[in-house]
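Chains as they are written, first to last, in the numbering used here: chain W, 1 to 269; chain E, 1001 to 1267. In this text, a Cβ means the ideal position worked out from N, Cα and C, and glycines have one as well.
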Amino acid sequence: MDGEAIDTRLLAHLTEQSQDLNSDATRITRQALTEYAEDRREARRGRGPGAWAAGLLGAGAVLLGSARAEAASATPSGSPDKNDVMALQTAASIENLAVMVYNAASQLSFIKSGNAAVMEFITKTAAQHEAHGKAFNAALTQAGAQTQTGVDPKYAAKAQADLPNIKNSGDVVALALQLEDVAAQTYTKYVSVVTTPTLRTLFGSVAPVEAQHRSVLLSVQALLNANDEALVAIPTDVAKLPAAAGSVGIPVAFYPTSQASPTSEGAVS
Amino acid sequence: MTTKPDWELPGSEAQLTALTREMDEAHREVLPLMHARAAEHVEELHERGTVRQLHTERNLARRGFLLGVGGVGAMAALAACSSAGTQTPDTRAGTASGGSYTGDLKVVALAVALENQAVAAYKAALANAKAGTLGTVPPAAATFMQTAMSQHEDHAKAWNAVLTGAGLAAITGIPLSNAAATANAVNSATSTAAVAKLALGLENQATETYLYAIGNVSNSGAIATAASIAPVEAMHAATLNFVLGQYPVPDSFISTSKAASPSMLTV
């Protein structure tokens, strides 16, 4: 890393910034978390989704093979679903790692003195990941489960290996791209894995944001590779953007999940 | 628009073009997965009896026409059963209007209609660009519109496969209450920026509608499909924001405040 030190003290500063960055959309997550907590309270009283589903559908629902009914009936005691907890912990571990990597990148001299739009993106994206991490950990707290303050071990090892070799903005973008794609794929997958609508909504509200981060990074990477760094700006000179810049940030019609992390990957042991 | 039948890419774009080609190949690799998901979705609907129920509703509707008041009573009772069976209370619609599409399939129908609307909007914008009514259209904007339109077509196909698999008619038009107003707005646009703003609204609405679906439908195939498309619509929005000179990732979380209501459906 050319002697550049990772300064995690910036985290405190970014925490303040994240308060400002959270838009009205944050409300939906708060609402989802509140509903999730209510689900759990209802479940403990025996009237939660599991009991509701069982009462409405009876044993026949399970015989029909409804995944939702099976999932709901799997938590009759009111204790949080184990896989839900692991999913939230793994998600938080991915977010924690992303925050760490972006903060580290923001301290590199060629980033600090380089392209202003890249620096803005790194700063804002770190704050957004921090907000995501808080949301996942808040859900864990409300479920009475252990929060995750550590980083995803698989991708932390990869980042640790990559960080010392980072020499320019393109290298930073390449590393960030991997993390954003893993995050987006993982949360897209978790939407179909978790057992409550509110958790589905939580993961569903974050996955598109990670995909947007990836979209931006793909465009930046392409422009850097084409020696068009001057166009990495907000606002950019749209007229000068190469034609392919219009499609490079939207590479797939359906977001894949083949690289999604298993729920156990970042779970608290 | 600078309407060139074939885009002549400058030399510096060689890498971009190669990258785009690779990404298009990746996109094509994902399509079989989506077809499989659509098939799973239909299979699940069959297992849950939703499809059988829909056929029964249709048959009863025909009989109801012949039997008069008695038939109407039967339909009302069946509709109540259908509502409970699908477990998808339509909290946003505010109405329980009839139509062929009910429960989860109503949300699927809404999804197709929105996708068709996006395809039509981009198609009209590209035609207007070609006709010169948008002024000079940046090449990147043209490429974006072509790519986004193609992806929305793929989304519509995936959702329509669910409808036809369930024995319902595919939706090829735009059965939405705001169809005419949206089309008029697109055709009234006189600049690329104006089109981009309209497109951004459609993309944000689609993203939020899929998030609404994720939290409100019960069919696992539909949930997975919505989850895989929402990020793509959000990526479209990010590119449009960039083109408009706005920060491309404005929110930390997607909301549902701009989601389309199923009550917008006119079928």
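Spatial neighbours of A1170/E within its chain, please: CB distance less than 8 Å, with the 5 preceding and 5 following residues excluded, ordered by chain position.
V1112, N1160, L1163, T1164
Short Cβ contact (8 Å threshold) for T1207/E with I1174/E
no
Using a Cβ cut-off of 8 Å (strictly closer), state whether F1253/E contacts chain W.
yes
Element boundaries [alpha helix (DSSP H), containing G133/W]:
116-142
Leaving out the 5 sequence neighbours to the left and right, which residues in its chain are closer than 6 Å to L1240/E when beta-carbon positions are compared?
A1196, A1199, L1200
Return the residue from the list I1223/E, M1235/E, V1267/E, V1186/E that minimises the CA-CA distance to L1134/E.
V1186/E
Under 7 Å Cβ-Cβ, which residues of chain E neighbour S192/W?
S1220, I1223, A1224, A1227
Using beta carbons (cut-off 8 Å, strictly below), is Q212/W in contact with chain E?
yes
Using only the alpha-carbon positions, how far apart do N225/W and N115/W sit?
14 Å
Hey, out of A233/W, Q259/W, A222/W, whose CA is closest to G246/W's CA?
A222/W
What does a CB cutoff of less than 6 Å around I94/W pick up in its chain, not counting 5 residues either side in sequence?
D152, A183
In the DSSP assignment, the alpha helix (DSSP H) including L1126/E goes from what residue to what residue?
1104-1131
Can you list the residues of chain W that V1243/E reaches, using a CB-CB cut of under 7 Å?
V238
If we call anything under 8 Å between Cβ atoms a contact, is N168/W one with F110/W?
yes
Rounded to whole angstroms, what's the CA-CA distance from G58/W to E210/W? Just pull it up for me.
With a pLDDT of 25 at G58/W, under the threshold of 50, the modelled position of this residue cannot be trusted; read the value that follows with caution. Distance between the alpha carbons of G58/W and E210/W: 39 Å.
Ordered along the chain, which non-local residues of its own chain (more than five positions away) have a Cβ less than 7 Å from that of P208/W?
none
Just checking: is the beta-carbon of L175/W within a distance shorter than 8 Å of some beta-carbon in chain E?
no
Identify which residue in V99/W, A239/W, A104/W has its Cα closest to the Cα of S1191/E.
A239/W
Per DSSP, L1176/E forms a beta bridge with which residues?
L1265/E
Would you say G1215/E lies against chain W (beta-carbon separation less than 8 Å)?
yes
Just to make sure I have the definition right: I need the residues of chain W whose C-beta is within less than 9 Å of the C-beta of V1232/E. Which are they?
P208, A211, I250, V252, A253, F254, Y255
Counting only beta-carbon separations shorter than 8 Å, does V216/W have a partner in chain E?
yes
Listing by chain order, which chain W residues have their CB less than 7 Å from the CB of Y1247/E?
I234
Quick check: is the beta carbon of S247/W nearer than 8 Å to any beta carbon in chain E?
yes
Assigned secondary structure, D84/W (DSSP; H/G/I helix, E/B strand, else coil)
helix
Rounded straight-line distance, which links the Cα of V252/W to that of Q1151/E:
8 Å
Does any CB atom of chain W fall closer than 8 Å to the CB of D1154/E?
yes
Quick check for students: name the residue ranges of the alpha helix (DSSP H) that lie wholly in the stretch 1214-1263 of chain E, counting only runs of 4 or more.
1220-1243
Length of the line joining the Cα atoms of I1229/E and F254/W
5 Å
Assuming F203/W is part of the alpha helix (DSSP H), what are its boundary residues?
197-225
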